[in-house]
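Engineer:
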Amino acid sequence: MSRALRILVAAAALLGGVASLSAADVAQLSRGTAITDPDLLRRLDQSDALSISRLLRPERNADGPLTTDLMFSSLPQLAPIPPAIDAEFDRYIARYRATYPGETLGAGEGFDVQLFDRANLKSPDTRFVLAGIVNRMDRAYVAEESCGEIRLVYRLARFDSRPDGGKTATRLPMTLNLVMKARDPRQADANGKPVTCAEVARRWLDNGDWQALIGSRFSPGDAMLDRIETNIQVSVAPKSALHDFRSDYLLKVFRYDAVTKRFEEAALENQIDRDRILADDALRRDFRDWLLAPDHLREFDRGTVLIPEKFLAKATVVPTPAGLDASALQPEFGMMQGEGSGQGKGDPVFSDDDVVGALKQAAARGVDMQNIRSVAGFQRRLNDITCAGCHQTRGIGGFHFPGVDWLADTPSNSSIVPASPHFFGDQFRRRDILTAFAAGKRPDFSRGFANRPQARGSVELAGTEYQDGWGAHCSLQNAGSGTADKSFTSWTCAKGLTCQAAAASSRIGMCFIKTR
Numbered sequence: 430m431s432r433a434l435r436i437l438v439a440a441a442a443l444l445g446g447v448a449s450l451s452a453a454d455v456a457q458l459s460r461g462t463a464i465t466d467p468d469l470l471r472r473l474d475q476s477d478a479l480s481i482s483r484l485l486r487p488e489r490n491a492d493g494p495l496t497t498d499l500m501f502s503s504l505p506q507l508a509p510i511p512p513a514i515d516a517e518f519d520r521y522i523a524r525y526r527a528t529y530p531g532e533t534l535g536a537g538e539g540f541d542v543q544l545f546d547r548a549n550l551k552s553p554d555t556r557f558v559l560a561g562i563v564n565r566m567d568r569a570y571v572a573e574e575s576c577g578e579i580r581l582v583y584r585l586a587r588f589d590s591r592p593d594g595g596k597t598a599t600r601l602p603m604t605l606n607l608v609m610k611a612r613d614p615r616q617a618d619a620n621g622k623p624v625t626c627a628e629v630a631r632r633w634l635d636n637g638d639w640q641a642l643i644g645s646r647f648s649p650g651d652a653m654l655d656r657i658e659t660n661i662q663v664s665v666a667p668k669s670a671l672h673d674f675r676s677d678y679l680l681k682v683f684r685y686d687a688v689t690k691r692f693e694e695a696a697l698e699n700q701i702d703r704d705r706i707l708a709d710d711a712l713r714r715d716f717r718d719w720l721l722a723p724d725h726l727r728e729f730d731r732g733t734v735l736i737p738e739k740f741l742a743k744a745t746v747v748p749t750p751a752g753l754d755a756s757a758l759q760p761e762f763g764m765m766q767g768e769g770s771g772q773g774k775g776d777p778v779f780s781d782d783d784v785v786g787a788l789k790q791a792a793a794r795g796v797d798m799q800n801i802r803s804v805a806g807f808q809r810r811l812n813d814i815t816c817a818g819c820h821q822t823r824g825i826g827g828f829h830f831p832g833v834d835w836l837a838d839t840p841s842n843s844s845i846v847p848a849s850p851h852f853f854g855d856q857f858r859r860r861d862i863l864t865a866f867a868a869g870k871r872p873d874f875s876r877g878f879a880n881r882p883q884a885r886g887s888v889e890l891a892g893t894e895y896q897d898g899w900g901a902h903c904s905l906q907n908a909g910s911g912t913a914d915k916s917f918t919s920w921t922c923a924k925g926l927t928c929q930a931a932a933a934s935s936r937i938g939m940c941f942i943k944t945r
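At position 98 of the sequence shown (counting the first as 1) the number is 527 in my numbering, and the numbers step up by one without a gap.
(1) Sort 528, 601 and 529 by Cα distance to residue 546 and report the nearest one.
(2) Mind reading off the beta-carbon distance from residue 575 to residue 523? Whole number of angstroms is fine, and I expect it under 8 Å.
(3) Whose C-beta lies closer than 7 Å to the C-beta of residue 867 among residues of the same chain, with five residues either side of it excluded?
(4) State yes or no: is the C-beta of residue 555 within less than 8 Å of the C-beta of residue 465?
(5) Alpha carbons only, please: which of 603, 542 and 607 is nearest the one belonging to residue 565?
(6) Pull the bridge partners of residue 487 from the DSSP assignment, please.
(7) Less than 8 Å between the beta carbons of residue 860 and residue 461, yes or no?
(8) Assess, as a yes-or-no matter, whether the stretch 699-713 is touched by the stretch 802-821 under the definition of 3 or more beta carbon pairs within less than 8 Å.
(9) For residue 803 and residue 724, what's the separation of their Cα atoms in angstroms?
(10) Since residue 948 and residue 673 should fall inside the 8 Å C-beta cutoff, what is the C-beta to C-beta distance between them, to a whole number of angstroms?
(11) Using 8 Å as the threshold, is the stretch 649-661 in touch with the stretch 713-720, meaning 3 or more CB pairs across them?
(12) Taking 8 Å as the threshold (C-beta atoms), are residue 901 and residue 940 in contact?
(13) Do residue 542 and residue 534 have their beta-carbon atoms positioned less than 8 Å apart in this structure?
(14) With DSSP run on the structure shown, which of helix, strand or coil describes residue 939?
(15) What are the boundary residues of the alpha helix (DSSP H) that includes residue 500?
(16) Within the same chain, show all residues whose beta-carbon is closer than 6 Å to that of residue 598, passing over the 5 residues directly before and after it, in chain order.
(17) Rounded to whole angstroms, what's the CA-CA distance from residue 919 to residue 615? Just pull it up for me.
(18) Looking only at its chain, what residues have a beta carbon closer than 6 Å to the beta carbon of residue 908, apart from the 5 residues adjacent to it on each side?
(19) Am I right that residue 691 and residue 506 are in contact with their C-beta atoms under 8 Å? What's the rounded C-beta distance?
(20) Do residue 871 and residue 791 have their C-beta atoms within less than 8 Å of each other?
(21) Please report the Cβ distance between residue 683 and residue 695, rounded to the nearest whole angstrom; I am assuming they are in contact, meaning their Cβ atoms lie under 8 Å.
(22) Hey, how far is the Cα of residue 862 from the Cα of residue 540?
(23) For residue 786 and residue 767, what's the separation of their Cα atoms in angstroms?
(24) Once you ignore the five residues that flank residue 511 on each side, which residues in its own chain have a CB closer than 8 Å to its CB?
(25) In the DSSP assignment, find the unbroken beta strand (DSSP E) run with residue 602 in it and report its ends.
(26) Could you work out which residue in 559, 805 and 571 is closest to residue 733 when comparing CA atoms only?
(27) Buried or exposed, going by whether 16 or more other CB atoms sit within 10 Å of the CB of residue 757?
(28) CA-CA distance, residue 915 and residue 924?
(29) Taking the alpha-carbon of residue 747 as reference, which of 807, 763, 467 and 759 has the nearest alpha-carbon?
(30) Please determine, among 528, 742, 538 and 623, the residue with the shortest C-alpha to C-alpha distance to residue 613.
(31) Since residue 828 contacts residue 895 with CB under 8 Å, what's their CB separation in whole angstroms?
(32) With a Cβ-Cβ cutoff of 8 Å, do residue 567 and residue 779 count as a contact?
(33) Helix, strand or coil, according to DSSP, for residue 676 in the structure here?
(34) For residue 637, does the count of other Cβ atoms within 10 angstroms reach 16, so buried, or fall short, so exposed?
(35) Helix, strand or coil for residue 765? Go by DSSP, reduced to three states.
(36) Quick check: what's the CA-CA separation for residue 669 versus residue 544?
And the structure:
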């Protein structure tokens with residue numbers, strides 16, 4: 430096992446509690462699958478062992494972490510990232526001005542719409558701080574050889590000098606995920622044998638004493654680098670006569686190229702390029718036929734589908750809040766029959782008959798559908814399988830893992846919850862997969878809808894906001910039919926709560942205390 434991986438799982442083993450909903454509850458939810466303890470993250474960040482610059486350029490000699498003005502200029506691997514982000518900002522600004530020509534937008538005071546200040550990415554006063562480390566071996570189905578991924582989540586922060594010579598820090602609305610492979614299959618253990626996925630999983634689940642490893646310096650090597658994911662709150666627009674309150678988040682991915690030794694702009698996994706597909710009749714037919722094929726439909730149902738790159742986008746803007754009613758704010762809007770008539774671009778991609786026919790064909794072939802049992806279920810999965818749709822579901826704004834703000838002087842004035850309800854609701858599934866790996870078994874990689882955790886965590890999550898407690902998503906009966914939609918029948922509320930409509934036309938409600 431590489432030294433890089435050892436220090437990650439070492440830190441996980443030291444996790445004794447997490448500041449959150451209740452420290453004990455969150456520690457239990459994320460035990461073995463994530464590092465969210467603020468004190469531990471502070472120590473790892475301040476040691477410089479897990480700084481982006483140290484991981485990408487281990488030979489660098491420096492007294493402290495690299496500020497963003499130097500990071501992007503001195504690390505050649507990162508050179509493609511700033512110009513790609515600038516280009517997306519320019520396109521976003523042009524689209525916004527065309528949509529709302531009467532509104533002004535820019536960084537700083539006096540604008541109708543506040544833009545993220547791109548000067549923060551070239552500033553001597555900002556840097557990326559370690560906000561969390563997340564085990565994603567549940568994604569080993571994407572690349573089995575690497576046993577999934579380990580994500581180091583960094584949050585951009587600005588440091589301002591104080592009169593006493595110290596510094597105060599303000600977190601800025603941008604995260605950068607350095608995604609590493611969970612293992613390098615070429616590496617061997619102490620006995621000269623290849624490191625297995627079982628060994629990697631056991632180390633994450635182990636509670637041994639790895640304290641001596643913290644602060645060690647190491648190089649993960651090119652073989653461990655996979656990609657960088659960025660998420661920026663590109664704008665905030667208050668409610669006006671033209672629109673409701675809206676905050677937009679820009680998502681980008683840069684995959685590591687071992688030949689050029691740079692992170693190159695890449696397609697977002699499963700981020701359907703809706704507008705391009707709707708505008709191209711041939712592409713629309715190809716996408717429909719590909720997704721409705723029985724084998725692909727089964728993977729789509731399980732949440733493990735990998736949509737071909739020709740159907741995908743290289744960037745997406747996530748509007749929040751999006752709500753549950755079908756609208757153009759949702760990534761698949763216009764692809765289903767009855768949604769905006771294809772947004773003025775011809776027929777929708779999927780008719781109700783297409784979906785019903787595909788489900789019948791899959792059933793005839795013995796495919797057991799776990800989640801998608803109706804047109805509404807197909808539509809919901811089409812949304813939440815995308816990056817944008819997932820970030821709109823039970824998130825904290827446009828983020829699922831903002832991390833605890835360990836920089837704050839006063840915890841009462843900072844984020845104390847490290848992640849979203851979606852993140853915590855998924856931890857039992859992820860740990861179930863780690864446990865299967867550790868035992869040498871084939872894991873079940875399937876996942877439910879982003880709105881609702883899978884049944885495999887129903888005992889531990891019962892009565893909580895993640896499963897069926899206050900604020901949980903629940904199933905409403907179809908109007909006039911007296912029956913619940915087959916895709917959401919199991920979405921019930923805990924005792925003492927009732928399911929009430931959360932949107933005018935949605936089949937999904939929220940669990941509330943019963944009122945007379």
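Every residue, glycine too, gets a C-beta built ideally from N, C-alpha and C.
Structural biologist: This is what the structure holds:
(1) 601
(2) With 8 Å as the limit, residue 575 and residue 523 do not qualify as a contact, their Cβ atoms being about 39 Å apart.
(3) 627, 630, 631 and 634
(4) no
(5) 607
(6) In DSSP, residue 487 forms no bridge with anything.
(7) yes
(8) yes
(9) 17 Å
(10) This structure does not reach residue 948, given that the chain is present from 430 up to 945, and the question cannot be answered.
(11) no
(12) yes
(13) yes
(14) strand
(15) 497-503
(16) 586, 588 and 836
(17) 44 Å
(18) Any reading at residue 908 is ruled out, since the residue's pLDDT is 48, under 50, leaving its predicted position unreliable.
(19) 5 Å
(20) no
(21) 6 Å
(22) 48 Å
(23) 18 Å
(24) 501, 550 and 551
(25) 596-610
(26) 571
(27) exposed
(28) 22 Å
(29) 759
(30) 623
(31) Contact doesn't hold; Cβ gap of about 17 Å is too wide.
(32) no
(33) strand
(34) Annotation note: pLDDT 40 at residue 637 (below 50); position unreliable, coordinate value reported separately. When all chains shown are included, residue 637 counts as exposed.
(35) strand
(36) 16 Å
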